[in-house]
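Chemist:
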Amino acid sequence: SIAAFVGLRSLTLSGCNKLTPEGLASVAESCHEVRKLSFAGCGECVSDVSAELLARGMTYLEMADFRDCPHVGRFAMAALGSSCSNLRRLNVSGCSVGMTDDAVLALCSSGQFNPPGLESLDLSRCGLVTNLSMSYIADHLQVEFGLDVTLVTLSLFGTGISSSGIRAVRDRFRRSTVKKNKSFFGFWPLPRPDDR
Numbered sequence: 033s034i035a036a037f038v039g040l041r042s043l044t045l046s047g048c049n050k051l052t053p054e055g056l057a058s059v060a061e062s063c064h065e066v067r068k069l070s071f072a073g074c075g076e077c078v079s080d081v082s083a084e085l086l087a088r089g090m091t092y093l094e095m096a097d098f099r100d101c102p103h104v105g106r107f108a109m110a111a112l113g114s115s116c117s118n119l120r121r122l123n124v125s126g127c128s129v130g131m132t133d134d135a136v137l138a139l140c141s142s143g144q145f146n147p148p149g150l151e152s153l154d155l156s157r158c159g160l161v162t163n164l165s166m167s168y169i170a171d172h173l174q175v176e177f178g179l180d181v182t183l184v185t186l187s188l189f190g191t192g193i194s195s196s197g198i199r200a201v202r203d204r205f206r207r208s209t210v211k212k213n214k215s216f217f218g219f220w221p222l223p224r225p226d227d228r
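Plus 32 on top of the position in the sequence shown (first one is 1) and you've got this note's numbering.
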């Protein structure tokens, strides 16, 4: 049983599409030390409520990947924002049913992220996320004592966010540049001075 691994710091169950709610609850109750979590590709067996339980139980999370778990949404985002203050990277690409503007607002408005804050957010293939989410991100995910956002990478390919939505908040992403090609749309990190 996974409950025996109480000191576990990294947990990858990617592609496990036979997980049960009871099994996920057991993981949430037992694995409090997890820093890196991946349920990528687990599909519909990871519900919004299950992801919420995981976030509330794993308060040390630094990276969470719920890619292609379509129902992960508002409840999970609120729990990640309020419980996981060390979260730096979040991938919810392909969470096409649960990730809406309300889910983005839940993440951003409940976010109590420790500096440097949430730095990478992948919303690609979340078609219900629109320009409204850009204002939520710009208004709530700010660096301490400033107006710039903490995000350095923001993936928006396949969302309902338009180029005008990006332009409206472009000045808040000072550590990033807008990038648009066949596979990426969003904000990409600027090269560091040492890399030039």
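Built from N, CA and C at the ideal position, the CB exists for glycine as well.
Helix, strand or coil: which one does DSSP assign to Ala-110?
Modeler: It is helical.
Chemist: Verify whether the separation of the beta carbon atoms of Leu-51 and Val-81 is less than 8 Å.
Modeler: No, the Cβ-Cβ distance between Leu-51 and Val-81 is not below 8 Å.
Chemist: Please name the residue or residues paired with Leu-40 in a DSSP beta bridge.
Modeler: Partner(s): none; Leu-40 has no beta bridge.
Chemist: Helix, strand or coil, according to DSSP, for Asp-171 in the structure here?
Modeler: Reduced to three states, the DSSP call for Asp-171 is helix.
Chemist: Would you mind working out which of Asp-97, Leu-137, Cys-127, Ala-110 sits nearest Arg-121, comparing C-alpha positions?
Modeler: Answer by Cα proximity: Asp-97.
Chemist: Check Gly-192 in the structure and name its three-state DSSP category.
Modeler: Note: Gly-192 maps to strand in three-state DSSP.
Chemist: Using the C-alpha atoms, what's the distance from Leu-155 back to Val-216?
Modeler: Checking the displayed sequence, the identity of residue 216 turns out to be Phe instead of Val. Taking the straight line from one Cα to the other gives about 11 Å.
Chemist: Could you check the C-alpha separation between His-64 and Leu-183 for me, to the nearest Å?
Modeler: When rounded, the distance between both Cα atoms is 26 Å.
Chemist: Could you check where the beta strand (DSSP E) with Gly-218 kicks off and where it finishes?
Modeler: From DSSP, the beta strand (DSSP E) with Gly-218 extends over 217 to 221.
Chemist: Identify, in the order they occur along the chain, each residue of the same chain with its Cβ nearer than 8 Å to the Cβ of Asp-133, setting aside the five sequence neighbours on each side.
Modeler: Taken in chain order, the residues that qualify are Leu-160, Val-161, Thr-162, Leu-164, Ser-165, Tyr-168.
Chemist: Residues in the same chain with beta-carbon distance under 8 Å from Glu-151, minus the five sequence neighbours each way, listed in chain order, please.
Modeler: Contacts found: Arg-120, Arg-121, Thr-182, Leu-183, Val-184, Thr-185.
Chemist: Does DSSP put Val-81 in a helix, in a strand, or in coil?
Modeler: It is helical.
Chemist: In whole angstroms, give me the CA-to-CA distance for Phe-37 and Leu-86.
Modeler: Taking the straight line joining both Cα atoms gives about 15 Å.
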